[in-house]
Amino acid sequence: MVFKSFTYPAVAFMGVAAVAIAPHPAQALSPDQISGIAKQVTVLIDGQNPGSGVIIDRNGDTYTVLTAFHVVGTPDEYDVVTPTDQRYKLDYQTVKRLPGVDLAVLKFKSNKTYKVADLGNSTQVQEGKPIYVAGFPQPTQAINLSIYRFTEGRLTANSSKPLADGYALVYNNSTRPGMSGGPVLNDQGALVGIHGRSDAQQQGNVYFKNDTNLGVPIDTFSMMAPQIGVKLDSIPGSSTPSPSIPATAPTRPPRPPVPQGPRAGDFYLQATDKLQRGDSQGALRDLNQAISLNPNYANAYGDRATIKFQQGDRRGALADLDQAIQIDPQLADAYGIRGLYRVVTGNIRGAQSDVEKAVRLKPEIGYASRGVVRWYRSDLAGAQSDFDQALSLKDSFKDAYAVHYFRGFVRWQLGNFDGALQDLNRSIQLNPKYLEAVGVRGILRFQMGDEVGALRDFDEGIRINTGSSDIYTIRGMIRLTQGDSQGAISDFDQVIRIQPGNVALADMYGSRGIAYFQAGNDEQALASLRQAVQLAKDASSRESYQKLGNAISNLQSQPALRPKMKAYIQTFMQSYLKRYIGQYVQSYRPLQG
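What the sequence shown shows, in mature numbering (1 follows the signal peptide of the UniProt record, and there is no 0), is residues -28 to -1, 1 to 565, in sequence order.
As structure tokens, this is what we get:
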């Protein structure tokens, strides 16, 4: 009855693209070296909604910072906090937006020396190559300070056709709110973009979500900077050559010619945008185009597998994951996700092989995936042990919210209600819009006797997703058992309006009929029960609804029996709901259809 339809995330896969022409490619720096560079050029822009920025120029004691416009889009008081933890009040008059894109520059004055970022060439960054993002995540309940964060990932698309606000880079780094405006660096530590957007926090039953991030290429800034009067030495053609350096010497690698016609990355970027907006069918069309242009586009296969699985094409989803792994046998996330899909389809041996491979390649994902496989085999202790292991390795990794949710449910099944509540609280703390965890915590609270807390969670779940038939269903049932018949009727009306495929509408009409009877409206009760009889798919249900309707009709001639019947129904519904929740909890497994 509840939580039977799921949304599944895209999986973060490394891309494969054609090699750009470069006669003498520089040797890549190590992540530690790049982190050292990033830490010296990244600043915190502290305000009501903190963000990040990157130092791109110095002229005397005046420094120029590049950031995302939305970080400083509202005139307000801001502090620029430098890598040495020095604070400088921002003169808002220095903020200049680049027209039509989510970029802005600002200035601060200091007599101290700070490193200036080297501007790279974003056109030359290839899909599948390492990308690094730095910034200062906003404070949370767990960490009440904005602490510098540096993350490594891969570029998944570099589009020649940007989205609104100039976004054209897609990468899978694990980012957090507050890192907007921070630097996107290549494997030389050069600035190739400004981080601006990450995927909206997932709704529904989302496991191992893809960290899809969008950035504005630095080439966009380089070309548009003169429009706002910005001239930097690091921008090609913006400075006078030194007498000792030939005027023809380039300040950075020459820009390769832009390919004519559509590119695979263009379609992948559009698919990413559509997935974030919930247009999975449109995203599927774009991913098909991306794959037709680049048959070795592992990221596109991975995302397409997710959509196919959501749409019930399990065979197609597994085939796409097979292809992604064939392109790059080191894709840990792909092994983990394929392991989950295989266990759902009954291929236990294949699932075990996949998750063991994931454990070797990326332990936190591997242990989490293996925990789910053990869960399906009813090895609850083994599943909890694997989830413990995943979280002990890295509690803040991008999928930790899902692992806390998994472990919370397993603890619940093992009878550890307090431990389950702690895990669900942590899951929601990491992802406040994680609808599944919010709804399940409501059920747990109800089972623990906290009906007020349960209803509060269901209210929050509906704020997250007003179309969640699961939340309306369980809230309606609880309201009915509490004697709030009108509230229950309202919730059942919503489920009937939504008409979800995972809820038997006959049961909704039947439940609404009971609620109308409890509210004293026999006419509407009988009308709803007649609908339930018509929609019921089995003879037993039809007979039950028919008998209930007859009993209500008979009360017209025996009104003295009404209080007794209402009390009986109330007691029965309370007992039924508790029994159903107990059965649901013990039988639950992730990705059940």
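Cβ coordinates follow ideal geometry from the N, Cα and C atoms, glycine included.
It should be emphasised that the depicted structure is a prediction, and the values quoted were computed from it without experimental measurement.
Open item on the list: Between which two residues does the alpha helix (DSSP H) holding Ser24 run?
Closed with: Stepping through the sequence shown from its first residue, residue 24 is reached at position 52. First-last for Ser24: Gly23 to Asn31, but that is the beta strand (DSSP E), not the alpha helix (DSSP H).
TODO: Express the C-alpha separation of Leu501 and Arg514 in angstroms, rounding to a whole number.
DONE: Here the question's residue 514 lines up with position 542 in the sequence shown. Here the question's residue 501 lines up with position 529 in the sequence shown. Roughly 9 Å separates the two Cα atoms.
Open item on the list: Cutting at 6 Å between CB atoms, please list the residues of its own chain near Asp429, excluding the five before and the five after it.
Closed with: For the purposes of this step, residue 429 is taken as the residue at position 457 of the sequence shown. So the list reads Val410, Arg413 and Gly414, once near-sequence residues are dropped.
Task: In chain order, each alpha helix (DSSP H) run of at least 4 residues that lies wholly inside the segment 502 to 552 - done: 511 to 526
TODO: Specify whether the segment 518 to 536 and the segment 489 to 499 touch according to this definition: at least 3 beta carbon pairs, one from each stretch, less than 8 Å apart.
DONE: The segment 518 to 536 vs the segment 489 to 499: in contact.
Open item on the list: Classify Ser211: buried if its beta carbon has 16 or more other beta carbons within 10 angstroms, exposed otherwise.
Closed with: As a position in the sequence shown, residue 211 is number 239, starting the count at 1. At Ser211, the pLDDT of 39 sits below 50, so the modelled position is not reliable; the number obtained from the coordinates is stated separately. The residue in question, Ser211, is exposed, as its Cβ has fewer than 16 Cβ neighbours within 10 Å.
- [ ] Check each candidate in Ile9, Pro55, Lys68 and Ile320 and name the one with the smallest Cα separation from Leu38.
- [x] The sequence position of residue 38 within the sequence shown is 66, counting from 1. Measuring from the Cα of Leu38, the nearest candidate turns out to be Lys68.
Task: Where Asp48 falls: helix, strand or coil (DSSP) - done: One-based indexing of the sequence shown puts residue 48 at position 76. Residue state for Asp48 is assigned as coil, using DSSP reduced to three classes.
TODO: Measure the CB-CB distance between Glu408 and Leu365 and report whether it falls below 8 Å.
DONE: As a first step, residue 408 must be located in the sequence shown, where it is residue number 436. As a first step, residue 365 must be located in the sequence shown, where it is residue number 393. Not a contact, by the Cβ cut-off of 8 Å.
- [ ] Could you tell me if Ala277 is buried or exposed, where buried requires 16 or more neighbouring beta carbons within 10 angstroms of its beta carbon?
- [x] Counted from its first residue, the sequence shown places residue 277 at position 305. So Ala277 counts as buried.
Open item on the list: Assess contact between the segment 129 to 140 and the segment 59 to 66, defined as three or more Cβ pairs (one per stretch) separated by less than 8 Å. Is contact present?
Closed with: no
Task: Close beta carbons around Ala487, own chain, < 7 Å, minus the five adjacent residues each side - done: If you number the sequence shown from 1, residue 487 lands on position 515. Around Ala487: Leu452, Ser457, Ala460, Ile461 and Phe464.
Open item on the list: Spatial neighbours of Arg238 within its chain, please: C-beta separation below 7 Å, excluding the five flanking residues on both sides.
Closed with: For the purposes of this step, residue 238 is taken as residue 266 along the sequence shown, with counting starting at 1. The question names Arg, but residue 238 in the sequence shown is Asp. Answer for Asp238: Ser131, Ser132 and Lys133, listed in chain order.
Task: Residue from Ala291, Pro267, Thr147 and His376 whose Cα sits closest to the Cα of Lys187 - done: For the purposes of this step, residue 187 is identified with residue 215 of the sequence shown, where counting begins at 1. Before going further, note that residue 187 is Gly rather than Lys in the sequence given. That would be Thr147, whose Cα lies nearest to the Cα of Gly187.
TODO: Can you have a look at Thr85 and say buried or exposed, based on whether 16 or more other CB atoms are within 10 angstroms of its CB?
DONE: One-based indexing of the sequence shown puts residue 85 at position 113. Burial call: exposed.
Open item on the list: Would you call the segment 298 to 314 in contact with the segment 266 to 280, where contact means no fewer than 3 C-beta pairs closer than 8 Å?
Closed with: yes
TODO: Could you check if Ser483 is buried or exposed, using at least 16 other CB atoms within 10 Å of its CB as the buried criterion?
DONE: Within the sequence shown, numbered from 1, the residue matching residue 483 stands at position 511. Answer is buried; the Cβ neighbour count reaches 16.
Open item on the list: Just to confirm before moving on: does the CB-CB distance between Ala270 and Gly168 stay below 8 Å?
Closed with: In the sequence shown, counting from the first residue as 1, residue 270 sits at position 298. In the sequence shown, counting from the first residue as 1, residue 168 sits at position 196. With a cutoff of 8 Å on beta-carbon distance, Ala270 and Gly168 are scored as not near each other.
Open item on the list: Check this for me: beta carbons of Thr123 and Val105, under 8 Å apart or not?
Closed with: Looking up residue 123 in the sequence shown gives position 151. Looking up residue 105 in the sequence shown gives position 133. In this structure, Val105 lies closer than 8 Å to Thr123 by Cβ.
Task: Check whether Ser94 and Gly165 have beta carbons under 8 Å apart - done: Within the sequence shown, the letter at position 122 stands for residue 94. Within the sequence shown, the letter at position 193 stands for residue 165. Taking 8 Å as the cut-off, the beta carbon of Ser94 is found closer than this to the beta carbon of Gly165.
Task: Residue span of the beta strand (DSSP E) that contains Lys87, given as start and end - done: Start at 1 with the first residue of the sequence shown, and residue 87 comes out as number 115. Bounds of any beta strand (DSSP E) do not take in Lys87, whose DSSP letter is neither H nor E.
- [ ] Between the Cα of Phe80 and those of Gln110, Ile103, Gly25 and Met151, spot the shortest distance and give me the residue it belongs to.
- [x] Position 108 of the sequence shown holds residue 80. Taking only the C-alpha atoms, the option nearest Phe80 is Gly25.
Open item on the list: If contacts are defined as beta-carbon pairs under 8 Å, then Gln361 and Tyr377 qualify, I think. What distance do you get, rounded to the angstrom?
Closed with: As a position in the sequence shown, residue 361 is number 389, starting the count at 1. As a position in the sequence shown, residue 377 is number 405, starting the count at 1. A Cβ-Cβ distance of about 16 Å is found for the pair Gln361 and Tyr377, leaving them out of contact under the 8 Å criterion.
- [ ] Kindly list the residues whose CB is nearer than 7 Å to the CB of Pro218, restricted to its own chain and excluding five residues on each side of it in sequence; keep chain order.
- [x] The sequence position of residue 218 within the sequence shown is 246, counting from 1. In this predicted model, Pro218 has a pLDDT of only 38, less than 50, meaning its place in the structure is not dependable; the value taken from the coordinates is given anyway. If we look at Pro218 and ignore the five residues flanking it on each side, it has no Cβ neighbours.
Task: Coarse secondary structure for Ser170, derived from DSSP in three states - done: In the sequence shown, residue 170 corresponds to position 198, counting from 1. Strand at Ser170.
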